[in-house]
Amino acid sequence: MESIVKGKVKIYSTAITAIILLILGIIISVYVGVADVDLLMVLKSFFETNPSKDQLIIQTLRLPRAIIGALVGANLAVAGALMQAITRNSLASPQVFGVNAGASLFIVTAFALFPSLSSPSLVFSAFIGAAIGGITVYSFASGGGMTHVKLALAGMAVHFLLSSLTQGIIIFSEQAKDVLYWLVGSINGKSWTHIMIILPWSISGLFIALLLSRSISILVLGESTAQGLGQQVNRIRILAGILVIILAGSSVAVAGPIGFVGLIVPHIVRRVLGGDYQRIIPFSALFGAILLVYADILARFIAYPFESPVGIVTAIIGAPFFLYLARKGRHIKQ
1038 MESIVKGKVK IYSTAITAII LLILGIIISV YVGVADVDLL MVLKSFFETN PSKDQLIIQT
1098 LRLPRAIIGA LVGANLAVAG ALMQAITRNS LASPQVFGVN AGASLFIVTA FALFPSLSSP
1158 SLVFSAFIGA AIGGITVYSF ASGGGMTHVK LALAGMAVHF LLSSLTQGII IFSEQAKDVL
1218 YWLVGSINGK SWTHIMIILP WSISGLFIAL LLSRSISILV LGESTAQGLG QQVNRIRILA
1278 GILVIILAGS SVAVAGPIGF VGLIVPHIVR RVLGGDYQRI IPFSALFGAI LLVYADILAR
1338 FIAYPFESPV GIVTAIIGAP FFLYLARKGR HIKQ
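Numbering (the working numbering), first residue to last: 1038 to 1371.
Rendered as structure tokens:
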């Protein structure tokens, strides 16, 4: 009984702390930047509007950027958690599985062939590319049994192939050159229009992931155990895969291929709260939002007064983490 109470206290305290950190991060994100704005004006901007210059900067540039950061971070983290569950491999993530690279290739291709293509149409291009990238890596890595080494090698090979094709299209297409900064992974310059593009996919994807979390928790116990408990294993995996495509694809369409969020966050959540996916899914969303919001804040000061893409910061954090996991060579601890 005492352990149950302690467990609930830990969950509630972690949730409250995470929410406070996220709110604080959004406030800091709106406050800091090249142009100085009044902190009181930042706080007022959440509740009222006026035609001042500070308000214009906050409500048209910085607030949408912070919200996009939170949504993209949540999407990528949950996508990574789902991938690690259905593959039972701790190295699985949208970047390692070629999902990001596939989405990027199809977006750049669509942009080169149809420069006037609408943003919602680009999202569907990202979905197709994400699916092709993920299926390709899974096909290569799962032959004869998936291991950490095979997944890493297959993921890197497909990633480099798709990235090379993307760069080739950019070189030979004048229209596609406009996406060079986007390819590094950036949420700078995002507007409320971008929020409207990603928001429906984020809400629906995260909500369905929450509904699926109990089944995912049973699935990671083992396929035979899950089937014995009445779970339709193939249906769960297919649905989880579709959610990964929706969450990662919509994020890439809006912010570019930001890497390592889906790799790092699920491991942190499992370390803090254990292996129950009814906790991992919602807390991955929270922790992912926190990670990307604060990473974007840091990106503004790397080359101040110029701003760096947030993808550079996540790569600096995530690359050593990936190497550590690859060397450790263990499967997910259930």
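For each residue, glycine too, the CB sits at the ideal point set by N, CA and C.
Short Cβ contact (7 Å threshold) for residue i with residue j
i: Ser1250; j: Ile1327; result: no
i: Ile1206; j: Val1115; result: no
i: Leu1280; j: Leu1119; result: yes
i: Gly1293; j: Leu1220; result: yes
i: Ser1254; j: Tyr1341; result: no
i: Val1291; j: His1231; result: yes
i: Leu1154; j: Ala1147; result: yes
i: Ala1149; j: Ser1241; result: no
i: Gly1325; j: Leu1113; result: yes
i: Leu1199; j: Leu1142; result: yes
Same chain, Cβ closer than 6 Å to residue i, neighbours up to 5 away in sequence not counted
i: Val1133; result: Gly1192
i: Val1136; result: Ala1167, Gly1170, Gly1171 and Ala1285
i: Arg1367; result: Here Arg1367 scores only 49 on pLDDT, less than 50, and its place in the model should not be relied on; the value that follows carries that caveat. Counting only Cβ-Cβ distances below 6 Å, and skipping sequence neighbours, we find nothing.
i: Ser1179; result: none
i: Trp1238; result: Ile1283 and Ser1287
Element boundaries [alpha helix (DSSP H), containing residue i]
i: Phe1244; result: Trp1229 to Leu1256
i: Phe1134; result: It is not in any alpha helix (DSSP H) - Phe1134 carries neither H nor E in the DSSP assignment.
i: Glu1260; result: Glu1260 to Gly1265
i: Phe1320; result: Tyr1314 to Ala1336
i: Gln1092; result: Lys1090 to Ile1094
i: Leu1360; result: Val1347 to Lys1365
i: Leu1280; result: Val1270 to Ala1292
i: Ile1105; result: Leu1100 to Thr1124
i: Phe1343; result: First-last for Phe1343: undefined, no H or E at that position.
i: Thr1086; result: Per DSSP, Thr1086 belongs to no alpha helix (DSSP H) and is neither H nor E.
i: Ala1167; result: Ser1156 to Ser1179
Integer Cβ distance of residue i from residue j, believed to fall under 8 Å
i: Ser1066; j: Arg1102; result: 7 Å
i: Glu1344; j: Ala1336; result: 6 Å
i: Gly1117; j: Ser1130; result: 4 Å
i: Ile1063; j: Ala1107; result: 7 Å
i: Val1347; j: Ile1224; result: 6 Å
Spatial neighbours of residue i in its chain, beta-carbon cut-off 7 Å, leaving aside the 5 residues before and after
i: Thr1086; result: Gln1092 and Gln1096
i: Trp1229; result: Pro1101
i: Ala1352; result: Gly1296 and Phe1297
Same chain only: Cβ atoms within 8 Å of residue i, ignoring 5 sequence neighbours per side
i: Lys1370; result: Below a pLDDT of 50, predicted positions are generally treated as unreliable, and Lys1370, at 43, falls in that range; no measurement from the model is reported.
i: Ile1334; result: Gly1062, Ile1065, Ser1066 and Val1069
i: Ile1339; result: Ser1345, Ile1349 and Val1350
Q.
Quick check: the segment 1240-1249 against the segment 1276-1288, are at least 3 beta-carbon pairs closer than 8 Å?
A. Yes: the two stretches touch, three or more of their Cβ pairs being nearer than 8 Å.
Q: Would you check if the segment 1091-1105 and the segment 1304-1318 touch, i.e. whether three or more CB-CB distances between them fall below 8 Å?
A: Too few Cβ pairs lie closer than 8 Å, so no.
Q) Touching or not, the segment 1346-1357 and the segment 1289-1299, by the rule of three or more beta carbon pairs under 8 Å? A) With three or more CB-CB distances shorter than 8 Å, the segment 1346-1357 counts as touching the segment 1289-1299.
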